[in-house]
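Data first, discussion second: the structure below is written as structure tokens.
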Amino acid sequence: MVTTRRTTKANADPGAPAGIRILKKYPNRRLYDTLTSSYITLADVKKMVLEGAPFEVRDAKSGDELTRAILLQIILEEETGGVPMFNTQMLAQIIRFYGHAMQGVMGSYLEKNLQALAEMQGRFAQPSAGASPLTPEGWTKLISGQAPMMQNLMGSYLEQSKKLFEQMQEQMTKPGESIFPIPGFPPVRK
Numbered sequence: 000m001v002t003t004r005r006t007t008k009a010n011a012d013p014g015a016p017a018g019i020r021i022l023k024k025y026p027n028r029r030l031y032d033t034l035t036s037s038y039i040t041l042a043d044v045k046k047m048v049l050e051g052a053p054f055e056v057r058d059a060k061s062g063d064e065l066t067r068a069i070l071l072q073i074i075l076e077e078e079t080g081g082v083p084m085f086n087t088q089m090l091a092q093i094i095r096f097y098g099h100a101m102q103g104v105m106g107s108y109l110e111k112n113l114q115a116l117a118e119m120q121g122r123f124a125q126p127s128a129g130a131s132p133l134t135p136e137g138w139t140k141l142i143s144g145q146a147p148m149m150q151n152l153m154g155s156y157l158e159q160s161k162k163l164f165e166q167m168q169e170q171m172t173k174p175g176e177s178i179f180p181i182p183g184f185p186p187v188r189k
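Position 92 (the sequence shown) corresponds to 91 in numbering that gives the first Met the number 0; numbering is contiguous.
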């Protein structure tokens, strides 16, 4: 389920949580918006994400939750058209975390870092003292080194992120301790 700060009109699906827009995915790959009673495209779903509209995608036949699969499909389309966000090395590294003890920790780590980055972007995007919000070109100037304040902010963000990751690694490598404690069994100490 994708949830954000904005709410929508009452949902047409009586079994859906209040304020959550339900999209049904049919076997023919079509998406049906129960709120508008019409078929929509992935571009429409992307627009809902960008607008912050809370929604959930369900299989029309089984009722299974498919939101993640649809969001991954949108990411795949974005990555194959235009300028990709993830390079090959980054994607390979993400794949290496699957099945590894760090898989769960890595998901949480990435989520927290993306939230922090979005908050930072939000602060800079808000107009202050009559100034206009930053455009994509403005962001490029800030990040490219024309604004020392942004460099310091990004540097401290990256340093904080690095320390968090190092703490996670340290916890993972402590001999005889488990990061996944089993109730009733104390950690083994050497």
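Positions of the beta carbon are idealized from the N, C-alpha and C atoms, including for glycine. Being a predicted model, the structure only gives us computed values, none of them experimental.
Asked: Residue closest to A115, alpha-carbon to alpha-carbon, out of L34, Q159, L41; Found: Q159
Asked: Burial state of E55, where buried means 16 or more other Cβ atoms lie within 10 Å; Found: buried
Asked: Supposed close pair I73, L22 - CB separation, criterion 8 Å; Found: 12 Å between Cβ atoms; not a contact.
Asked: Where T3 sits in the DSSP three-state scheme; Found: Confidence in T3 is poor, its pLDDT being 40 and thus under 50, which makes the residue's placement unreliable; the coordinate value appears in the next sentence. Note: T3 maps to coil in three-state DSSP.
Asked: Residues that R28 bridges to, as DSSP identifies them; Found: Answer by DSSP bridge pairing: none, since R28 is not bridged.
Asked: Candidates M119, E118, Q92: closest to G106 by CA position; Found: Q92
Asked: Beta-bridge pairing of Y38 - partner residues as DSSP gives them; Found: Y31
Asked: Strand pairing of L196, partner residues [DSSP]; Found: Residue 196 lies beyond the range of the chain shown here (0 to 189); nothing can be said about it.
Asked: Same chain, Cβ closer than 6 Å to M47, neighbours up to 5 away in sequence not counted; Found: F54
Asked: Which of helix, strand or coil DSSP assigns to A115; Found: helix
Asked: Burial state of V44 (16 or more Cβ within 10 Å); Found: buried
Asked: Rounded C-alpha distance that separates A9 from H99; Found: With a pLDDT of only 43 at A9, under 50, the local geometry of the prediction cannot be trusted, and no value is derived from it.
Asked: Close Cβ partners of L163 (< 6 Å) along its chain, the five nearest in sequence each way excluded; Found: none
Asked: Beta-carbon gap between R57 and E64 smaller than 8 Å; Found: yes
Asked: Element boundaries [alpha helix (DSSP H), containing E76]; Found: 66-79
Asked: Endpoints, the alpha helix (DSSP H) within which A100 is located; Found: Note, A100: premise wrong, no alpha helix (DSSP H); not H, not E.
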